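Chemist:
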Amino acid sequence: MPHRHSILCITPPHMLKEIATQGTDAQREVALRTIDVSEQIRTQRRTALEMMAFMGARAVRAGKQRIVYDAKNGSKLPGTEARKEGEDPVSDDAVNEAYDGSGITYDLFSNVYGRDSIDGNGLRLDSTVHYQKGYDNAFWNGQQMVYGDGDEDLPEAQRLFNRFTIALDIIGHELTHGVTSYEANLAYWDQSGALNESMSDVFGSLVKQYQRQQSAADADWIIGEGLFTANVNGTGIRNMKEPGTAYDDPVLGKDPQPGHMDNYVKTIEDNGGVHINSGIPNRAFYVTAVELGGYAWEKAGQIWYKTLTDKLSERSTFQEAADLTFAAAGELYGAGSLEQNAVKKGWAEVGITIGGDAPTGCLPSILRIFGLAN
Amino acid sequence: MTKILFERTGGFMGRKVSVTIDLDDLPEEQAEALDEMLDEADFFELPADLTKPAIPDAFTYNITVFSDNEQHSVRVSDATAPDNLRPLLEELSNQARMQR
Numbered sequence: 002m003p004h005r006h007s008i009l010c011i012t013p014p015h016m017l018k019e020i021a022t023q024g025t026d027a028q029r030e031v032a033l034r035t036i037d038v039s040e041q042i043r044t045q046r047r048t049a050l051e052m053m054a055f056m057g058a059r060a061v062r063a064g065k066q067r068i069v070y071d072a073k074n075g076s077k078l079p080g081t082e083a084r085k086e087g088e089d090p091v092s093d094d095a096v097n098e099a100y101d102g103s104g105i106t107y108d109l110f111s112n113v114y115g116r117d118s119i120d121g122n123g124l125r126l127d128s129t130v131h132y133q134k135g136y137d138n139a140f141w142n143g144q145q146m147v148y149g150d151g152d153e154d155l156p157e158a159q160r161l162f163n164r165f166t167i168a169l170d171i172i173g174h175e176l177t178h179g180v181t182s183y184e185a186n187l188a189y190w191d192q193s194g195a196l197n198e199s200m201s202d203v204f205g206s207l208v209k210q211y212q213r214q215q216s217a218a219d220a221d222w223i224i225g226e227g228l229f230t231a232n233v234n235g236t237g238i239r240n241m242k243e244p245g246t247a248y249d250d251p252v253l254g255k256d257p258q259p260g261h262m263d264n265y266v267k268t269i270e271d272n273g274g275v276h277i278n279s280g281i282p283n284r285a286f287y288v289t290a291v292e293l294g295g296y297a298w299e300k301a302g303q304i305w306y307k308t309l310t311d312k313l314s315e316r317s318t319f320q321e322a323a324d325l326t327f328a329a330a331g332e333l334y335g336a337g338s339l340e341q342n343a344v345k346k347g348w349a350e351v352g353i354t355i356g357g358d359a360p361t362g363c364l365p366s367i368l369r370i371f372g373l374a375n
Numbered sequence: 613m614t615k616i617l618f619e620r621t622g623g624f625m626g627r628k629v630s631v632t633i634d635l636d637d638l639p640e641e642q643a644e645a646l647d648e649m650l651d652e653a654d655f656f657e658l659p660a661d662l663t664k665p666a667i668p669d670a671f672t673y674n675i676t677v678f679s680d681n682e683q684h685s686v687r688v689s690d691a692t693a694p695d696n697l698r699p700l701l702e703e704l705s706n707q708a709r710m711q712r
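In structure tokens:
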């Protein structure tokens, strides 16, 4: 993988200062420059967080607060209010699905991980349905969830996609993008982007399993089940258990996801294949969860949640994610515990060794710049 | 002569769709409608890259237009597209959907 902006990753300032005082003239110059850039980035990030807090302030309330809007097939967001917290179901399925789905997602994060909404501070969950016409997609725009109706405007025989609120894990997926933006804030390209995608699939799938009260062994691990119409040969958009097997269709083609580092896809499309290579960390989570048994949101989910909220940073790689989930399992359940070994096995199954020698992390790249490592 | 190359990538599924439209091959009414959408969007004056910041699961659209005396390419996403370009994006997305 090309390694962009490696010097801009979050470097402990004390280490840079150490180099600045102890290093050679050349090393000192680089370190001082880096301290300067890092300070700028921290300031920018602080300002951005303050802005987000300010913009979100009018939406902040205690506990679960939802509003679903209707874009009425236009592009204007958020649209017309269709149902808000505490109101009875309406006659529109998409509105009710967005309302119920964001509620169950809120419940998982609150009841299991002790998190009050997307920002951890009761941020209102806003969703818009009926976005545009024939819009085969859903996304998180930084402030709210947005759902299209799929092909519901076409004659039945031509439809491939149903409305995107139809699958609960898609709703959980979009909301988790919000959580990630307040936590690790994984940059949305290459490996950090694929980790961002994988976190959304992991917690999206856990929302579905939590609602169904299914064990890891009983869950189907399909993302977007029910999204395809009967005209498509496929079970869903992605398969976390066996990436690459979700669909194989004459019109849509074959699911391109790899489930092992040997098949990592290098591409410039899709922000460097963020929806493709996410199959690798997805499977690592699946293997870990099945190895541990019981409900996946309990131990495996706790380990991944701790990693997302306490450990990962913007430019984290797969190798770092593996090492950090291993560290998180050690902190939660003890070094050498059953749980830590399950994490190790999960990543080994996809070709990543804990503490492996793929020097793509922050520390190795810093050391390389200062001529202290190869 | 006006020709439009359209490509849409990314999205929840990460799947690419594309379509090429030669306005000369279209019924006059349709060609005129597309011409108007290009005018409405001030297409040839748009910046080439409007994709930042990257938005999770949003589509990225690449549009290139060749006309008699100019050629211009624009990259935008669902979250960053100017309002006056959206009718064209929707129309081209719909055309690409009909290709399948």
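Line order of the protein sequences matches chains Y and L.
Note that the working numbering has the first sequence beginning at 2, numbered continuously upward.
Note that the working numbering has the second sequence beginning at 613, numbered continuously upward.
For each residue, glycine too, the CB sits at the ideal point set by N, CA and C.
Quick caveat: nothing in here was measured; it's all calculated off a predicted structure.
(1) Quick one: Cα of T12/Y to Cα of A349/Y, how far?
(2) Using the three-state DSSP reduction, which class does H174/Y fall into: helix, strand or coil?
(3) Report the residue from G302/Y, G235/Y and G102/Y whose alpha carbon sits nearest the alpha carbon of F204/Y.
(4) Could you tell me which chain Y residues have their CB closer than 7 Å to the CB of T621/L, listed as they occur along the chain?
(5) Let me know the secondary structure DSSP gives R164/Y once reduced to three states.
(6) Contact between the region 252-260 of chain Y and the region 328-343 of chain Y is defined here as three or more beta-carbon pairs at a separation below 8 Å; is this criterion met?
(7) Are the CB atoms of I675/L and I633/L within a distance shorter than 8 Å?
(8) Between the alpha carbons of Q683/L and A708/L, how many angstroms are there, rounded?
(9) Taking the CB atoms as reference points, tell me whether V252/Y and I304/Y lie closer together than 8 Å.
(10) Assuming contact is defined by CB atoms lying nearer than 8 Å, are G151/Y and R164/Y in contact in what I supplied?
(11) Could you tell me how far apart the beta carbons of L700/L and L650/L are, in whole angstroms, since I believe they sit closer than 8 Å?
(12) Interface residues of chain L around A1/Y at Cβ under 7 Å?
(13) Would you decide whether K664/L is buried or exposed? Buried here means 16 or more other CB atoms lie within 10 Å of its CB.
(14) Kindly say whether N264/Y, judged by its beta-carbon, lies nearer than 8 Å to any beta-carbon of chain L.
(15) By Cβ distance, which residues of its chain are closer than 6 Å to R43/Y, with the 5 residues on each side in sequence left out?
(16) Just checking: is the beta-carbon of G135/Y within a distance shorter than 8 Å of some beta-carbon in chain L?
(17) Quick one: which chain Y residues come within Cβ less than 7 Å of D690/L?
(18) Which of the three DSSP states is assigned to D636/L in this structure?
(19) Between the alpha carbons of S39/Y and N97/Y, how many angstroms are there, rounded?
(20) May I have the straight-line CA-CA distance separating Y265/Y from N240/Y, to the nearest angstrom?
(21) Going by Cα to Cα distance, which pick from Y148/Y, E315/Y, K346/Y and R116/Y is closest to L78/Y?
(22) Which same chain residues, not among the five before or five after V208/Y, have their C-beta less than 7 Å away from its C-beta?
(23) Using CA atoms only, rank isn't needed, just tell me which of E315/Y, V233/Y and I355/Y is closest to E157/Y.
(24) Which class does R687/L belong to by DSSP, given the choice of helix, strand or coil?
(25) Between G623/L and N138/Y, how many whole angstroms is the CB-CB distance? I'm expecting something under 8 Å.
(26) Could you say if the region 272-288 of chain Y and the region 190-198 of chain Y meet the contact criterion of at least three C-beta pairs nearer than 8 Å?
(27) Within a Cβ cutoff of 6 Å, which residues of the same chain sit near R687/L, ignoring the five residues on either side of it in sequence?
(28) Using a beta-carbon distance cut-off of less than 9 Å, what residues from the region 185-197 of chain Y approach chain L?
(29) How far does the beta strand (DSSP E) with A343/Y in it reach, from first residue to last?
(30) Over what stretch of residues does the beta strand (DSSP E) that includes V69/Y continue unbroken?
(31) For V288/Y, collect the residues of the same chain with a Cβ closer than 7 Å to its Cβ; drop the 5 residues on either side in sequence, then sort them by chain order.
(32) Rounded to the nearest angstrom, how far is the Cβ of H178/Y from that of S199/Y, given a contact under 8 Å?
(33) Assign F671/L to buried or exposed, taking buried as 16 or more other Cβ atoms, counted over all protein chains shown, within 10 Å of its Cβ.
(34) Could you tell me which chain L residues have their CB closer than 8 Å to the CB of I238/Y, listed as they occur along the chain?
(35) Indicate whether F162/Y and F229/Y have their beta-carbon atoms separated by less than 8 Å.
(36) Find the residues of chain L that neighbour L253/Y, judging by a C-beta separation of less than 9 Å, and give them in chain order.
Modeler: Let's see:
(1) Bear in mind that a pLDDT of 44 at T12/Y, under 50, signals an unreliable position, so the number given afterwards is only what the model happens to contain. Their Cα atoms are separated by approximately 27 Å.
(2) helix
(3) Per the Cα distances, G302/Y.
(4) E270 and D271
(5) coil
(6) no
(7) no
(8) 21 Å
(9) no
(10) It is a contact, given that the beta carbons lie within the stated cut-off.
(11) 7 Å
(12) Missing from the structure shown is residue 1/Y; chain Y here goes from 2 to 375 and no further.
(13) exposed
(14) no
(15) Confidence at R43/Y is low in this model, with a pLDDT of 46, below 50, so its placement is unreliable and the value that follows should be read with caution. None.
(16) Answer yes: the Cβ-Cβ gap between G135/Y and chain L drops below 8 Å somewhere.
(17) F140
(18) In the displayed model, D636/L falls within a helix according to three-state DSSP.
(19) Because S39/Y sits at a pLDDT of 45, beneath the cut-off of 50, its placement in the model cannot be relied upon, and the following sentence gives the value as read from the coordinates. Cα to Cα, S39/Y sits roughly 45 Å from N97/Y.
(20) 16 Å
(21) Y148/Y
(22) I105, T106, L109, L169, D170 and G173
(23) V233/Y
(24) Correct three-state label for R687/L: strand.
(25) 5 Å
(26) yes
(27) D661, T663 and N674
(28) A188, Y189, W190, G194 and N197
(29) Here A343/Y belongs to no beta strand (DSSP E); instead the alpha helix (DSSP H) covers L339 to E350.
(30) Here the beta strand (DSSP E) through V69/Y covers R67 to D71.
(31) K346, G347 and E350
(32) Contact doesn't hold; Cβ gap of about 12 Å is too wide.
(33) buried
(34) F624 and M625
(35) Taking 8 Å as the Cβ cut-off, F162/Y and F229/Y qualify as a contacting pair.
(36) M625, R627 and R712
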